[in-house]
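Presented below is the structure to which this report refers.
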Amino acid sequence: MSLRKLSPYLFVAPAVLIFAFTILVPIVMTFAFSFFDWNGYGEMSFTGIDNYTRAFGDKIYLSSYTHILIYIAVTVVVEVLVGLGLAGLITMGRKGSSLFRIALFTPVMLPMIVVSYLWRFVYNSDFGLINTVLRSVGLESWAQVWLGNPDTALLAICVVSGWVYAGFYMTIFYSGISRISKEIYESAFLDGANEATIFFRIKIPMIRSLVDTAIMLCVLTGFQSFDLFYVMTNGGPYNATEIVPTYLVKVVFSHMSIGYGSALAVILTVVIAVIGLVAGKLKGKGNTLEY
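198 is the number that my numbering gives to position 198 of the sequence shown; each next residue is one higher, with no gaps.
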């Protein structure tokens, strides 16, 4: 085979090798380890599907999926819907909208570790911003140990996620709305439509594909969340904010159960893959509006 014919393969070979060693090989090894009882350095003992059977009987592991679903449901509202509303307000062209847009997008640029520690200070029960404000206005009874109360900890994390990503989705929706022809708005105004009607009857329908993509992205990233939960609560209190990634870290690195942790990772991978495929099918059936 001539060098001319080989050159395309030589150019893609490094990328293929990197992909194989960083993605494919770890996936295959994780799947293989899931059938063994292994602590990472001792003798490996074949256990068949015992790790998978154990997973479906693990109450903490199963409840971690419930926490993820609650997290996703709340974040869809506080990230996607709020971001959509903010994009609608900004595209009205009011004075200062550019500065407002930059301010809302700023949290996305901060490292999540920094955001987590910042909000741990905000939620602090003794000198945190929220409790300080509540006490200063005479609502001391409303002050909570926000991250130490099983009833409020998960919601508190959802609020932080919304604060970070609402601006991100706002930017996506803003870019889509900005592409809509101004002639459509002018025609709507001539027909007597107000800003609210234009937003709900024109802007949202014409960026429907972006909204669907944002929801799908929110769902998939929800299953991959880790740093925010790990830094703020590490799954506590009493496993109230335990999600699959944080539980995986504890199983593998604290309990040194590589085989069981691999089984949990395989199940999570299958769940994410199925959700991605279903979401892709549903999105493919949707109608795309041209503008």
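By construction, the Cβ of each residue, glycine as well, lies at the ideal position given by its N, Cα and C atoms.
**Asked** Near V76, which residues of its chain fall below 7 Å by C-beta distance, leaving aside the five closest residues on each side in sequence?
**Response** Mapped onto the sequence shown, residue 76 falls at position 76. Answer for V76: I215 and C218, listed in chain order.
**Message:** A87 and M29 - do their beta-carbons sit closer together than 8 Å?
**Reply:** Looking up residue 29 in the sequence shown gives position 29. Looking up residue 87 in the sequence shown gives position 87. Result no, Cβ atoms of M29 and A87 do not sit closer than 8 Å.
**Asked** Cβ atoms of L99 and V211: under 8 Å apart, would you say?
**Response** As a first step, residue 211 must be located in the sequence shown, where it is residue number 211. As a first step, residue 99 must be located in the sequence shown, where it is residue number 99. Taking 8 Å as the Cβ cut-off, V211 and L99 do not qualify as a contacting pair.
**Request:** Could you check the C-alpha separation between T197 and T91 for me, to the nearest Å?
**Result:** In the sequence shown, counting from the first residue as 1, residue 197 sits at position 197. In the sequence shown, counting from the first residue as 1, residue 91 sits at position 91. Using only the alpha carbons, I get a separation of about 14 Å.
**Asked** With 16 other CB atoms within 10 Å as the buried threshold, where does L289 fall?
**Response** Looking up residue 289 in the sequence shown gives position 289. Because L289 sits at a pLDDT of 44, beneath the cut-off of 50, its placement in the model cannot be relied upon, and the point is left open.
**DSSP three-state assignment for Y291, whether helix, strand or coil** = Counting from one through the sequence shown, the residue named residue 291 turns up at place 291. Because Y291 sits at a pLDDT of 43, beneath the cut-off of 50, its placement in the model cannot be relied upon, and the point is left open.
**Prompt:** Under 8 Å between the Cβ atoms of Y230 and T246?
**Reply:** Within the sequence shown, numbered from 1, the residue matching residue 230 stands at position 230. Within the sequence shown, numbered from 1, the residue matching residue 246 stands at position 246. Yes, they are a contact pair.
**Request:** Round the Cβ separation of I207 and G176 to the nearest angstrom and send it over; I've been treating them as touching at under 8 Å.
**Result:** Walking along the sequence shown from the start, residue 207 turns up at place 207. Walking along the sequence shown from the start, residue 176 turns up at place 176. Right, their Cβ atoms sit about 4 Å apart.
**Pick from G148, K95, V145 and V164 that is closest to L228, judged by C-alpha positions** = Here residue 228 corresponds to residue number 228 of the sequence shown, with the count starting at 1. Comparing Cα-Cα distances from L228 to each of G148, K95, V145 and V164, the minimum goes to V164.
**Item:** Supposed contact pair M232 and R120 - C-beta distance, whole angstroms, cut 8 Å
**Value:** Numbered from 1 along the sequence shown, position 120 holds the residue referred to as residue 120. Numbered from 1 along the sequence shown, position 232 holds the residue referred to as residue 232. About 6 Å separates the two Cβ atoms, so the contact holds.
**Message:** I'd like to know if I60 contacts chain B, where contact means its C-beta is closer than 8 Å to some C-beta of that chain.
**Reply:** Going by chain labels, chain B is absent from the structure shown, which holds only one protein chain.
**Message:** Distance check for S209 and M48, CA to CA, integer angstroms please.
**Reply:** Locating residue 48 in the sequence shown gives position 48, counting from the first residue. Locating residue 209 in the sequence shown gives position 209, counting from the first residue. Per the sequence shown, the amino acid found at residue 48 is Gly instead of Met. Their backbone Cα atoms lie some 44 Å apart in a straight line.
**Prompt:** How many Å lie between N311 and I180 at the Cα?
**Reply:** As shown, the chain starts at 1 and ends at 291. That puts residue 311 outside it, with no answer to give.
**Message:** Taking 8 Å as the threshold (C-beta atoms), are A263 and Y52 in contact?
**Reply:** Indexing the sequence shown from 1 puts residue 52 at position 52. Indexing the sequence shown from 1 puts residue 263 at position 263. It is a contact, given that the beta carbons lie within the stated cut-off.
**Prompt:** Sorted by chain position, which residues of the same chain lie with C-beta nearer than 7 Å to D37's C-beta, five sequence neighbours on each side aside?
**Reply:** Counted from its first residue, the sequence shown places residue 37 at position 37. Here the set comprises S45, T47 and G259.
**Message:** Beta-carbon within less than 6 Å of Y160's beta-carbon, same chain only, minus the 5 sequence neighbours each way: which residues are those?
**Reply:** Here residue 160 is taken as the residue at index 160 of the sequence shown, counted from 1. In the sequence on display, residue 160 carries Val and not Tyr. Same-chain partners within the cutoff: W119.
**Request:** Mind reading off the beta-carbon distance from G222 to I72? Whole number of angstroms is fine, and I expect it under 8 Å.
**Result:** Residue mapping note: residue 222 aligns to position 222 of the sequence shown, counting from 1. Residue mapping note: residue 72 aligns to position 72 of the sequence shown, counting from 1. Yes, they are in contact, since the Cβ atoms of G222 and I72 sit about 4 Å apart, within 8 Å.
**Prompt:** What is the DSSP secondary structure of T213, reduced to helix, strand or coil?
**Reply:** The residue given as residue 213 occupies position 213 in the sequence shown. Helix at T213.
**Prompt:** Whose C-beta lies closer than 7 Å to the C-beta of N234 among residues of the same chain, with five residues either side of it excluded?
**Reply:** The residue given as residue 234 occupies position 234 in the sequence shown. So the list reads T246, once near-sequence residues are dropped.
**Backbone CA spacing between K296 and Y185 [nearest angstrom]** = One cannot answer for residue 296 here, as it falls past the ends of the chain, which runs 1 to 291.
**Message:** By the DSSP assignment, the alpha helix (DSSP H) with R201 in it spans what residues?
**Reply:** As a working mapping, residue 201 is identified with position 201 in the sequence shown. Counting along the chain, R201 falls outside any alpha helix (DSSP H), and DSSP gives it neither H nor E.
**Request:** Can you say whether I243 is buried or exposed, counting buried as having 16 or more other CB atoms within 10 angstroms of its CB?
**Result:** Walking along the sequence shown from the start, residue 243 turns up at place 243. Flag for I243 reads buried.
**Request:** Go ahead and label V252 buried or exposed: buried means 16 or more other beta carbons lie within 10 angstroms of its beta carbon, across all protein chains shown.
**Result:** Residue numbering aside, residue 252 sits at position 252 when the sequence shown is read from its first letter. A residue is called buried once 16 or more other Cβ atoms fall within 10 Å of its Cβ, and V252 is buried on that count.
**Asked** Should S178 be labelled buried (16 or more other beta-carbon atoms within 10 Å of its own) or exposed?
**Response** Working through the sequence shown from its first residue, we reach residue 178 at position 178. Label assigned to S178: exposed.
**Supposed close pair N239, S63 - CB separation, criterion 8 Å** = Here residue 239 is taken as the residue at index 239 of the sequence shown, counted from 1. Here residue 63 is taken as the residue at index 63 of the sequence shown, counted from 1. Going by Cβ atoms, the distance from N239 to S63 rounds to 7 Å, so yes, they are a contact pair.
**Message:** Which of the three DSSP states is assigned to S292 in this structure?
**Reply:** Any question about residue 292 goes unanswered here, given that the chain covers just 1 to 291.
**Asked** Does DSSP classify F253 as helix, strand or coil?
**Response** Walking along the sequence shown from the start, residue 253 turns up at place 253. Helix, per DSSP.
**Item:** Among K95, I267 and A273, nearest to Y61 - alpha-carbon criterion
**Value:** In the sequence shown, the residue the question calls residue 61 occupies position 61. Minimum Cα distance to Y61 is reached at I267.
**Message:** Please report the distance separating the alpha-carbon of L6 from that of A32.
**Reply:** In the sequence shown, counting from the first residue as 1, residue 6 sits at position 6. In the sequence shown, counting from the first residue as 1, residue 32 sits at position 32. Using only the alpha carbons, I get a separation of about 34 Å.
**Item:** Anticipated Cβ contact below 8 Å, I275 with L220, distance rounded
**Value:** Looking up residue 275 in the sequence shown gives position 275. Looking up residue 220 in the sequence shown gives position 220. With 8 Å as the limit, I275 and L220 qualify as a contact, their Cβ atoms being about 7 Å apart.
**Prompt:** Under the rule that 16 or more other beta-carbon atoms within 10 Å means buried, what is N287, buried or exposed?
**Reply:** Position 287 of the sequence shown holds residue 287. Here the model assigns N287 a pLDDT of 48, short of 50, so the residue's position is not dependable, and the following value carries that caveat. The residue in question, N287, is exposed, as its Cβ has fewer than 16 Cβ neighbours within 10 Å.
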